[in-house]
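The structure appears below as structure tokens.
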Amino acid sequence: MDILKRKDSSNIAKYTFLYFISLLSLVFSVMAVGNIVFQLINKHVIDIINVYGSMYSPDALKFALSSLIISAPVYYASVISIHKSLFSGKLDKDAAVRRWLTYFIIFVCGVVVIGWLIAIVYSILDGDLTWKFSLKTLTVIVIAATVGSYYFRDIKKEKVEKVKDNVAKIYLYATLVALLVVFVSGILFVESPRQTRLRKLDNLTIEKFERIGNSLNEYYNNNNRLPVKLEDLAVGVIYLGDLDIRSVDAGKIFEYRAFEGEEYKICAKFNLSNREELGSNRDFISDVWPHGAEYTCFIKNINKYGREINRFIDEQAVTTPIIVEEAIVK
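Under the working numbering, think of the first position of the sequence shown as 258, with each following residue one higher.
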């Protein structure tokens, strides 16, 4: 009797683990599929006002692809193991662990779907495009219908022991094909690891230019002139180090030239162009430091009040003349 009790307790722990791991991997898989489709919609249905939440985000696409790569195989492995136990009779169809955890899976997936729908409705109320709203809503409905119909059918089956479930196999293969299609579609539009690294190197260069620009403002305010070379700036400003005035890859000092007055030039070699970036990648960097995949020089101006002049100046508040920045390709 004690042996049977220990065996039954062991089975409960085993199937509880399998159902919970299937739940966790299912949630990650569902959210990954949804986010991949959402990002593809954001990329191809462009909104000129860039409503928050509707912009294309390459980082979100990469995370969704990563989640799908890991979670989908785990989900299928756990579900197949559960079905084998049902078929062999090791797990009874009326077992409390099966019924409770199946309904719990349906509940959690329902919460995820409701959260998605709330976010989508909010986006349309916040000015998102109707076409984009319709596509995202359709995506959520398809995902919810697929997951919900599978689990509701599974929990209502009258006999599972020694019964081959051909419908479950159809679900398995159909969803597997759908996941592969979504995954491949996402891979086709995501940046390669090499491109991502090159873009990060370019962004590091721009970050250095920002620090140099702030340091030049401070230097000018303290000395009423620009330094002749960047080495003087690295010595004269506390928070600017020698590495900040050197290129990320080659380690050479950036080309720099001070003009008369408050104007200077700074140059660097960039690996990729940021002029056609969309979504979350198109931000301050793309607007203020536009560059191609080439050696580019920027003409900048000192702001006596501690800020760099980029676009517009309030002539009533600032007495310095308006100087429009420009990028010169060397």
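The beta carbon of each residue, even a glycine, is placed where N, CA and C say it ideally should be.
{"query": "Return the first residue and the last residue of the alpha helix (DSSP H) that Ile-398 is part of.", "result": "387-412"}
{"query": "I believe Glu-448 touches Pro-315 by the beta-carbon criterion, under 8 Å. Please report the beta-carbon distance rounded to the nearest angstrom.", "result": "6 Å"}
{"query": "Do you know whose CA, among Val-441, Ser-504 and Glu-520, lies nearest Asn-474's CA?", "result": "Glu-520"}
{"query": "Measure from the C-beta of Lys-393 to each C-beta in chain C and report whether the shortest distance is under 8 Å.", "result": "No chain C is part of this structure, which consists of one protein chain only."}
{"query": "Nearest-angstrom Cα distance between Leu-429 and Ser-380?", "result": "33 Å"}
{"query": "Rounded to a whole number of angstroms, what is the C-alpha to C-alpha distance between Phe-516 and Asn-479?", "result": "18 Å"}
{"query": "If I measure Cβ to Cβ from Leu-461 and keep anything under 7 Å in the same chain, skipping five residues before and after, which residues do I get?", "result": "Val-505"}
{"query": "What is the DSSP secondary structure of Ile-514, reduced to helix, strand or coil?", "result": "In the sequence as displayed, the identity of residue 514 is Arg instead of Ile. Strand."}
{"query": "What did DSSP end up calling Tyr-313 once you bin it into helix, strand or coil?", "result": "coil"}
{"query": "Roughly how many angstroms separate the alpha carbons of Gln-452 and Leu-529, rounded to a whole number?", "result": "8 Å"}
{"query": "Within 10 Å of its beta-carbon, does Ala-401 have 16 or more other beta-carbons around it, so buried, or fewer, so exposed?", "result": "buried"}
{"query": "DSSP three-state label for Ile-337, please.", "result": "helix"}
{"query": "Check for me: the beta strand (DSSP E) holding Lys-526 runs from which residue to which?", "result": "520-526"}
{"query": "Can you tell me where the beta strand (DSSP E) holding Lys-557 begins and where it ends?", "result": "552-558"}
{"query": "What's the call for Thr-396, buried or exposed, on a 16-neighbour Cβ count within 10 Å?", "result": "buried"}
{"query": "Are the CB atoms of Val-294 and Phe-344 within a distance shorter than 8 Å?", "result": "no"}
{"query": "What three-state label does DSSP hand Arg-456 in the structure shown?", "result": "helix"}
{"query": "Does the stretch 353-373 come close enough to the stretch 273-285 that 3 or more CB-CB pairs lie under 8 Å?", "result": "yes"}
{"query": "My guess is that Leu-325 and Gln-296 are in contact by the Cβ rule of under 8 Å, so how many angstroms apart are they, rounded?", "result": "Actually they are not in contact, since the Cβ atoms of Leu-325 and Gln-296 sit about 12 Å apart, beyond 8 Å."}
{"query": "To the nearest angstrom, report how far apart Tyr-313 and Thr-553 are at their CA atoms.", "result": "27 Å"}
{"query": "When DSSP labels each residue in this structure, what does Tyr-272 get in the three-state scheme?", "result": "helix"}
{"query": "Based on DSSP bridge pairs, tell me the residues matched to Arg-482.", "result": "Beta-bridge pairing links Arg-482 to no other residue."}
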